[in-house]
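Read the structure below first, then the notes.
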Amino acid sequence: MRVVIAPSDQIASKAADIVCQQLQRKPDSVLGLATGSTPVALYRELISRYQQQQVSFARAASFNLDEYIGLSSEHPQSYRYFMQQQLFDHIDIAPEQTHVPDGMSEPLSSCQAYEQAIGAAGGIDLQILGIGHNGHIGFNEPGSSLSSHTRIKTLTPTTLEANRRFFRDDEFQPCLAITMGIATILQSRQVLLLASGEAKAEAVQRTVEGPLSAFTPASSLQMHEHAIVLIDEAAASQL
Ligand code: GLP
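Residue numbers for the sequence shown follow the working numbering, beginning at 22 and rising by one.
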């Protein structure tokens with residue numbers, strides 16, 4: 022695991038450099054993408070580089086980490102909707118090459134189909150990750166099996182609380198999600214975890230220095246040969 026500490030305002034451009042290098046090396050790369058507030062600046066940077074013709078996604082494919090069960094792709098809080106708004110609608114990636122787990126079909130077969138689709142695409146070349154305050158990656162909550170694949174997870178009260186800010190007071194907030202498993206994430210050829218701000222410092226410390234434990238799912242990245250943890254000074258403050 023390589024830890025890179027950078028000023029907050031450089032995290033997005035450093036992350037974009039890694040994504041663009043990957044696409045230059047292999048234009049038909051399979052990208053693993055994440056939601057949440059952390060990767061938004063990265064997506065903005067990628068859109069800007071695409072507009073300046075510095076990068077093309079025309080031959081790339083993408084697989085998102087997770088999706089809420091019960092939210093359709095048109096629901097503003099669904100992760101499919103988020104990805105369309107934050108990235109896909111603004112770049113040249115082919116719509117049929119973007120994959121987000123389907124939160125509306127029968128979940129068990131949907132999980133299996135997702136895992137198979139990742140395999141059929143040749144596996145993920147570069148997986149982008151954020152991190153939850155409790156150390157989760159995707160929606161792999163503490164206690165998730167380190168050998169897990171795409172499946173249904175129940176969200177913990179802390180995750181529900183952390184993500185409550187995205188939902189209106191009267192809006193239904195799902196407590197179930199489909200998420201790639203920890204083994205699915207570890208099978209990616211390269212992983213880039215992004216974190217900024219002091220609120221993530223403890224989770225980052227447990228990820229980088231803590232024992233490898235299912236209770237800090239992100240600590241599983243210690244086993245990955247090509248994992249980069251790109252964080253700002255506040256997120257690194259407990260290292
Ligand atoms: C959600 C997502 C995770 C993300 C986490 C942190 O729970 N499922 O993939 O890493 O939120 O989000 P944020 O970046 O907003 O702190």
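Each residue gets a CB set at the ideal place from its N, CA and C atoms; glycine is no exception.
What residues in its chain sit with their C-beta under 7 Å from that of residue i, if we drop five residues either side in the sequence?
{"i": "E223", "result": "Q259"}
{"i": "Q226", "result": "Q259 and L260"}
{"i": "A183", "result": "G153 and H154"}
Starting from residue i, follow its DSSP beta bridges and name the residues at the other end.
{"i": "N161", "result": "I158"}
{"i": "V250", "result": "V24 and L214"}
{"i": "L150", "result": "L214"}
{"i": "R172", "result": "T200"}
On a CA-only basis, which of the options is nearest residue i? Give me that one, please.
{"i": "A141", "options": "E66, A82, V225 and C41", "result": "A82"}
{"i": "L207", "options": "E246, F188 and T237", "result": "E246"}
{"i": "V61", "options": "S241, F103 and E182", "result": "F103"}
{"i": "D110", "options": "S131, G124 and F78", "result": "F78"}
{"i": "V212", "options": "P128, A115 and Q243", "result": "Q243"}
{"i": "Q43", "options": "I90, D146 and Q31", "result": "D146"}
{"i": "G202", "options": "H96, I114, K174 and R185", "result": "K174"}
{"i": "Q148", "options": "I249, E219 and T179", "result": "I249"}
{"i": "K221", "options": "L54, T59 and A27", "result": "T59"}
For residue i, which residues of its own chain have a beta-carbon under 6 Å away from its beta-carbon, when the five flanking residues on both sides are left out?
{"i": "Y71", "result": "I112"}
{"i": "A216", "result": "I152, V225, I252 and A256"}
{"i": "S29", "result": "S217 and D253"}
{"i": "G57", "result": "G151"}
{"i": "D49", "result": "R80"}
{"i": "V41", "result": "For clarity, residue 41 is Cys in the given sequence; the question names Val instead. If we look at C41 and ignore the five residues flanking it on each side, its Cβ neighbours are V76."}
{"i": "T177", "result": "E162"}
Identify, in the order they occur along the chain, each residue of the same chain with its Cβ nearer than 8 Å to the Cβ of residue i, setting aside the five sequence neighbours on each side.
{"i": "G144", "result": "V51, Q208, S209 and R210"}
{"i": "G91", "result": "G124, M125, F193, P195 and L197"}
Q: Determine, using beta-carbon pairs with one atom in the region 156-171 and one in the region 132-144, whether at least three such pairs fall under 8 Å.
A: yes
Q) Okay, do the region 149-163 and the region 84-101 touch, 3+ Cβ pairs below 8 Å being the bar? A) yes
**Q.** Contained alpha helix (DSSP H) runs [length at least 4] in the region 188-224, N- to C-terminal order
**A.** 203-207
Q: Would you mind listing the alpha helix (DSSP H) stretches within the region 46-118 that are 4+ residues and don't spill past its ends, in chain order?
A: 61-72 and 100-107
Q.
Three Cβ pairs or more, each shorter than 8 Å: is that satisfied between the region 112-132 and the region 31-39?
A. no
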